[in-house]
Every structure is written in C-alpha cells, then in structure tokens.
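Chains as they are written, first to last, in this note's numbering: chain F, 17 to 328; chain P, 59 to 622.
Backbone N, C-alpha and C define an ideal beta-carbon position, used for all residues, glycine too.
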C-alpha cells in the first residue's frame, strides 16, 4: 500500500493560485482593467510631474490672465477660451489657466485620496484583525466604537470640524485626518469578519496549538490570507476618498484657495454652467475618470484574487 | 429480471476543452435492483450520474447515449428533461443539511415537489400525500416532521425526508449520490435499509454512488468500479467481491481496514515485525511494558463546557496514555471525542478536573508556560484542505513549530524540514511547494510532518483519514504506525471508524453523549463488547464482504432503535 508517495505524479496545480504574478496575469486579461490601470498611471504621472507639464504649456495655476476675459469676466473665445496658450481655457473672473489647475488638482485629489486610504486601512486592519482574533471584552468594546463611528453623520462632523480647527493647522493634513478617521470603521468590519472565519481554519488552530504567540499567528497566518481583501478594499476606497475630498472642497471647507482642487473648481463652475460649461467639464471629467478607473481596477482585482475564480 | 429502465452507453463527459472526466461508461438500471457506482474522489462517479439528468453545468459536453424507457436523454430539450426529473427519476444528495431550504418547513417543501408535476390533488389530498411519503420513508410521526424546519431535525431524519421528497413524483428510478457519507454509522444503517426496502417494495431501480466498499456490500446487487473517469470492472456484487478481476478493484478491497476478528492489528503485526519498538523486549508481557512507559497524557474527571452555563459537552472523563501507545477514542458525531482531543491541546475551556500532558498540568498553565507545554503536543486535523496555510510553502508550514519556539537556525530548520519530509515519505525538494499543488493525502502527510517537528510526546490525530480516499487512508495509517514505532510518541486517535481504530489502537474508549461508555484493550472492546451501545456501533458498521455483511445486517436489525 504505497499509493500516493514520492514516485506518484504530482497533480498539476488545481484551483487558482493567488500569487502576485498570477494575479497580474489575470488582471491583464481584462481589457477594461488594463485601460483603467493606464488611466490611473497617467494621472499619477500627471500629479507627480505637474510643474513640468505646466511648464511645457507655459502656464501655472496661480497667475491671473485678465486679458483672456471679456467685460463680464467670462473667458473670451469659444469653449471657455480654449486656445494654443490655454489648452483647457481659463477660469472665469480670474483668467487662471484651467489646464494647470486640473493638473495641479490631480496632486491634491490623489495625494489626499491615497493618504486618507492608507490611514483608514492601517487603523481598520489593525482593529479588525485584533478584535476578530482576540475576541472577549476587547472585541465587544471596540466593535461598539466601530458601530458608533459608522453610524455618525460624518459629513456634518467634517464640515464642523474643518470650520472649527484654527487656520494655522495645515488644511490638506486636516482633510486627510478627517476623511481617514471616518473611513476605517468600514475596513475594520470587513477585516474582522474575514478574521473570524480564518481563526476557525485548522492551520490557525494548529499554529496556536503548537504554542505560537498571538503576534506570530497574526503576522504569519492571518495577514497573508487577508492581503487580497485588503488590496481590493484599498483600491475601491481610494475613489470614495477622492470623492469625499472633492465634496469638502465643493462645500468650501476643503483645502484653502489658491491651492487647486477639482472639487472647488466644480463648486465654482456650478454658477457659470450656463455661460461657460467647459469650466465644469474639465475638472468634472478628471474626477469622473479617476474614480471610474479605480473602481474598474478594484473590481477586476477582486475577481482576479478570488480563488474560486471562474466565469463572472 | 425485467428489461432495463435506463441504459447508459459509451457516456463521455468533458468540461470545456479539457480532457474528458468520464470515458466510455456504460451501465443499465433494472427495476428492483441496486447498482452501485463506486470509486475514489475524481473517479467521475458523480459526474456520470448527474449527466443522466442533465444536471451538469452548461460548459459540460456530454456525448454517448442515455436512454430512459427507450427515450434518448442526451441532447433532449429542457422540457423533456424536466418531465423525467422527479417523475421518472428521483435524486437524493449527499448532505441532507444543505438539500433543504432552511426558511420553509419540510412539509411545504415536499408538497412543492408533489405539485411540481401535473396532479389532480386538492389541498387535503396533497397534505395526505405528504404524510404518506414521509411514512414510507420510515418517519413514523409525519404530523410533527411536516411542520418542522430543517434545523429542527437530525441528519438521519432529514435524509429520510429527502428520500420522501425524491419519491414525490412517483419515480421509477432513484439516484442516491453518497446518501449516507455525512451520517453516523448507526443512522447510515437505517437509511441503507430504507433504500433497499424501497427498491423492492416499489420496484425502483436504484443507482447508488458511494466510495465505501462496505456500503456496496451492504445494499448493492451490481457494482461498477470507476477510476479516473474509466470504468474498471463491472459485475454482480458477489462476484466482484469474491473474485475481483481488475488489479485496482483488488487494491481498493485490500485497502479497506478490516473490522472483524482475526485481522487488523494482529495481521499487521505479523507482516511488520518493526512493531517491536526500540527499548522494549518483544517477549514482555503487556503489563510489564506498560509499567515501564511514562504517561504522556492523564485526564482526571475532566469536564469541558463551551457555553457560559448549562450542561458540559463532555464530563467525567478519565484517560491515561503511555508513550509509544495508541488510545482510540470512538463515538458518533456529538459524542465529544474531538472535544477531548482539543482539551489535551489546551484549545477548549476545561471547567473541571485536571489535564496533564507530559507530567505538567495544562489547565493551570498560562502564557509562556502554556506555549512551552503545547510544544510537547502535535496535532493532525481531519480536513487536509484547511490544515495548511494556502499562502505559505509546505516547508514553511513544517518549520513553523521550530520558528515559534526558536529551536533552530535557518540552516538547521531547512535540514529538519528535509528530514521530516523524508520521514513522511515525501520528496524533500517539495519544501518549496504550496499546499494547492499537493493531493489530499500528500497534504495530510505534510500535516503529520508538522505535528512531529518538535518531537512531541503526544500526538493527537483527530479523524486523520476520514477525508481521504480509502487507498490513501491505508497509506497514511501505515505511516502513522511506522512513525510511532520510530519516534515513540503516545497517540490519541479520534475516529468514528471502528476499523481504523482497530488497525492502530492498543486501547479503545467508547464515548456517547459526552460520557465514557466502555473502555479496554482494542481486542476486548471490539471482539467482546460489554455494553449495548458498543455492540450497536459494531453491528452498524458495514464490512466489505457481501456474505458477512448479510449476516451482520440481520444482527443489526435486532439492535435497530436500541439506544443506551
């Protein structure tokens, strides 16, 4: 009875692997995901190289061009003053270059979106894993805290907080902290749920049974198995963070002028939509593209990381 | 014998563009007879049966011929198949717990099945029909069962209700896909009895899919043995069991652990002189050698309770286990056998008594002391699919205990991993592989290697082979015995399978409802049981020999319904 020993052929990898390369390969098979990844990469490059790009167009987002405006403060020329000098036209009333505003705005949006996501993921994963794994009163207390923050009217709180905090406090940092703070409970809930199902798996029980400490189990057994969930969640939460920043700027409680921000431009453009619709279109399109791209990529990642795989 | 009801010829099934998973399978069902499709996992037995009713996913490509009362079913329209399903052929699935909707009562669900095919019954008529079906499935209290929801019934009752539902459309054939695999042996015996009786009374043609040669010997008239999609052997059960023609059939039959006297441990001892363990004299009387062995585990009046209050799950447990010996813990599901195994690893809350492992009390140990004590215990779990971390290499998993206890340098760890892989008869170069690249049996070997990494005094094997195919099971059991001879650990073997226990254990403890019913040496308990419950357990387990099983079946009938 020596069936199934060394000399027997090893079955080919059944089921789907979740290694990094395999995931990339599966995502690459999804055409829309590739387009989304390219769009995201493009925006990241634009954000990083904003001064360079603005220099190529010979503009910056702070200089006024009153000569580009007519007597009513609206841009001269068709389509909001689109021309060889001002590629996206100019801002009404000030005549600042809209192309420069949109490129610099990418810095604000992506920077705040990614930083707030990082903050909420770190806190959320930490709380989620520990509550799910340790349980007991610690879990009960923190889970209630999560519930409270989750049910909090966060937008009202954000507006109030950004209005109350002294102006000397750097606004972008404040926005990151506020958005990140209201983002982590959702992450914590998802991660806690996953952890609860993981801790009953035999390999986690085996690890405990062989005398492993809690930190060892969290680090080597739980986190690697949670990484897929965390990656997907992060990708999908970046656009909502970007949206939150835009919303705050739209309500004029986000980053302070003259720092360019898509949200504030959109807010300002609402008043001009009849006379200068292109002022709304450019920042709006940028916001729409980046959020859509992140969502599409996040969706593809979720499919690619799901070991059950198969047809959608 | 009447004309065949269902004829399958040259059946081939392939998924997508892959290699076919079923090749040239032919069989025929005749009224009043039971045909068993038997094979190990991946043999294509379930796929063959499901293709008869067109129940495979859309990407399956089925060719060949399936004729039901002369009508071709391969390529038949959906309407035509629907008429055959239920009314022509009823199906019973493996897990009764998942086969019913939890939100509707049993009666509603069976009534739905009654109405699924054209019927002229009114409300009262349907309800009377449901009662009649439940009664014919051996449920004597149809009023209560009808109103019950699935979670309120036991697995056996649910499977009977499932059979009642399969009979709703008055089928002429019944397909039962592993109908008793998820059930206890005593319940299994009742269900198999029912299937056989229904076959005769209603002259149903029954297609039984199973991996268990004992079940085949028990109920089947004919058998078709399958392996990796190919039919291997077919014939009457008596012929195939008495004179297996194919080597694979012989291999399957040989691999079945033997329950009855004159075999098992004694036979193994005869063929494997290595049982004379190092450090002990072969000629020693058992008592003398027992005295010389240190206790590795001692339980005194132990009770375990999961809930805050209420009755403990197990209580009054006294156990002693010496180094180099194996204690078999047997019982049905819910008897608390796994709980006791976990109590020895300090994984469950012990509310009463003392648990000593390797001379130290596990119950009072905390923190570092508890972690150290745990290094003296190795565990092998039931389900090889979840016992290894899918994101770590098997080498890492085996080395994890060493890593946790900082017992070695990286180079030493690698050497030890190679040594352990060799000890469980796997290629040491496999350390870099991931669990999904291994088969179930190979994964279980890795789990054994991990359990042995710290040279534990005690190994807890919790149903180590119940998720494995029978040929793989035999190899893993042999491996465990050999490793015990080599390393001298004490082993607590938790199993529902008395034959497995007979093969490995020196002593047996029988559990029922969280209490010890009977204990003693393996030979005494299994050959001369003193308690009714033990006798019933022994009588219920089918053996892979049609003639012997017929006798055992008669003996079992005397026990049916008896509970201590």
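Closest by CA to residue i, which one among the options?
{"i": "residue 526(P)", "options": "545(P), 437(P), 511(P), 558(P)", "result": "558(P)"}
{"i": "residue 547(P)", "options": "265(P), 585(P), 294(P), 510(P)", "result": "510(P)"}
{"i": "residue 240(P)", "options": "254(P), 268(P), 261(P), 252(P)", "result": "268(P)"}
{"i": "residue 128(P)", "options": "65(P), 315(P), 562(P), 284(P)", "result": "65(P)"}
{"i": "residue 287(P)", "options": "477(P), 84(P), 489(P), 308(P)", "result": "84(P)"}
{"i": "residue 219(F)", "options": "207(F), 232(F), 209(F)", "result": "232(F)"}
{"i": "residue 201(P)", "options": "185(P), 212(P), 210(P)", "result": "185(P)"}
{"i": "residue 514(P)", "options": "523(P), 531(P), 562(P), 459(P)", "result": "459(P)"}
{"i": "residue 295(P)", "options": "608(P), 614(P), 212(P), 616(P)", "result": "608(P)"}
{"i": "residue 119(P)", "options": "108(P), 474(P), 442(P)", "result": "108(P)"}
{"i": "residue 159(P)", "options": "413(P), 219(P), 116(P)", "result": "219(P)"}
{"i": "residue 234(F)", "options": "251(F), 248(F), 207(F), 181(F)", "result": "207(F)"}
{"i": "residue 544(P)", "options": "600(P), 597(P), 601(P), 478(P)", "result": "478(P)"}
Using a C-beta cutoff of 7 Å, does residue i count as contacting chain F?
{"i": "residue 91(P)", "result": "no"}
{"i": "residue 602(P)", "result": "no"}
{"i": "residue 403(P)", "result": "yes"}
{"i": "residue 413(P)", "result": "no"}
{"i": "residue 445(P)", "result": "yes"}
{"i": "residue 245(P)", "result": "no"}
{"i": "residue 439(P)", "result": "yes"}
{"i": "residue 96(P)", "result": "no"}
{"i": "residue 71(P)", "result": "no"}
{"i": "residue 605(P)", "result": "no"}
{"i": "residue 66(P)", "result": "no"}
{"i": "residue 328(P)", "result": "Confidence in residue 328(P) is poor, its pLDDT being 37 and thus under 50, which makes the residue's placement unreliable; the coordinate value appears in the next sentence. No, no contact with chain F."}
{"i": "residue 587(P)", "result": "no"}
{"i": "residue 568(P)", "result": "no"}
{"i": "residue 272(P)", "result": "no"}
Below 6 Å, is the gap between the Cβ of residue i and the nearest heavy atom of the ligand SAM?
{"i": "residue 400(P)", "result": "By its list of ligands, the structure shown contains no ligand whatsoever, and the ligand SAM lies outside what it can speak to."}
Are the C-beta of residue i and some C-beta of chain P separated by less than 7 Å?
{"i": "residue 320(F)", "result": "no"}
{"i": "residue 123(F)", "result": "no"}
{"i": "residue 75(F)", "result": "no"}
{"i": "residue 219(F)", "result": "yes"}
{"i": "residue 148(F)", "result": "no"}
{"i": "residue 93(F)", "result": "no"}
{"i": "residue 209(F)", "result": "no"}
{"i": "residue 227(F)", "result": "yes"}
{"i": "residue 240(F)", "result": "yes"}
{"i": "residue 237(F)", "result": "yes"}
{"i": "residue 38(F)", "result": "no"}
{"i": "residue 102(F)", "result": "no"}
{"i": "residue 232(F)", "result": "yes"}
{"i": "residue 176(F)", "result": "no"}
{"i": "residue 141(F)", "result": "no"}
{"i": "residue 222(F)", "result": "yes"}
{"i": "residue 23(F)", "result": "Summary for residue 23(F): the model assigns pLDDT 36, below 50, so the residue's position carries little reliability; its value from the coordinates is reported in the next sentence. No, residue 23(F) lies away from the interface with chain P (no Cβ there is under 7 Å from its Cβ)."}
I believe residue i touches residue j by the beta-carbon criterion, under 8 Å. Please report the beta-carbon distance rounded to the nearest angstrom.
{"i": "residue 382(P)", "j": "residue 426(P)", "result": "So it is not a contact: roughly 29 Å between Cβ atoms."}
{"i": "residue 257(F)", "j": "residue 195(F)", "result": "6 Å"}
{"i": "residue 226(P)", "j": "residue 266(P)", "result": "No, residue 226(P) and residue 266(P) are not in contact; Cβ-Cβ is about 20 Å, not under 8 Å."}
{"i": "residue 88(P)", "j": "residue 263(P)", "result": "6 Å"}
{"i": "residue 438(P)", "j": "residue 354(P)", "result": "Contact flag wrong, Cβ pair sits at about 16 Å."}
{"i": "residue 229(P)", "j": "residue 148(P)", "result": "4 Å"}
{"i": "residue 346(F)", "j": "residue 241(F)", "result": "Outside the displayed range of chain F (17 to 328) lies residue 346(F), so it cannot be described from this structure."}
{"i": "residue 122(F)", "j": "residue 302(F)", "result": "7 Å"}
Is the distance from the Cβ of residue i to the Cβ of residue j below 7 Å?
{"i": "residue 535(P)", "j": "residue 384(P)", "result": "no"}
{"i": "residue 150(P)", "j": "residue 169(P)", "result": "no"}
{"i": "residue 279(P)", "j": "residue 92(P)", "result": "yes"}
{"i": "residue 116(F)", "j": "residue 70(F)", "result": "yes"}
{"i": "residue 79(P)", "j": "residue 105(P)", "result": "yes"}
{"i": "residue 290(P)", "j": "residue 306(P)", "result": "yes"}
{"i": "residue 501(P)", "j": "residue 442(P)", "result": "yes"}
{"i": "residue 199(F)", "j": "residue 136(F)", "result": "yes"}
- Message: With a threshold of 8 Å, are at least 3 pairs of Cβ atoms found where one atom belongs to the segment 167-185 of chain F and the other to the segment 104-113 of chain F?
- Response: These segments do not touch.
- Evaluate the contact criterion for the segment 394-411 of chain P versus the segment 364-381 of chain P: three or more CB pairs, one atom per stretch, below 8 Å. With a cut-off of 8 Å, the segment 364-381 of chain P and the segment 394-411 of chain P count as touching, because enough Cβ pairs lie within range.
- Hey, is the segment 492-500 of chain P in contact with the segment 441-450 of chain P, meaning 3+ C-beta pairs nearer than 8 Å? For the pair of segments examined, the segment 492-500 of chain P was found to touch the segment 441-450 of chain P: the number of CB pairs separated by less than 8 Å reaches three.
- Contact the segment 132-149 of chain F vs the segment 73-89 of chain F: 3+ CB pairs below 8 Å: By the Cβ criterion, the segment 132-149 of chain F is not in contact with the segment 73-89 of chain F, since fewer than three pairs of Cβ atoms, one from each stretch, lie closer than 8 Å.
- Flag this pair as touching only if the segment 303-320 of chain F and the segment 37-56 of chain F have three or more C-beta atom pairs under 8 Å; answer yes or no. The segment 303-320 of chain F makes contact with the segment 37-56 of chain F, as at least three CB pairs between them are under 8 Å.
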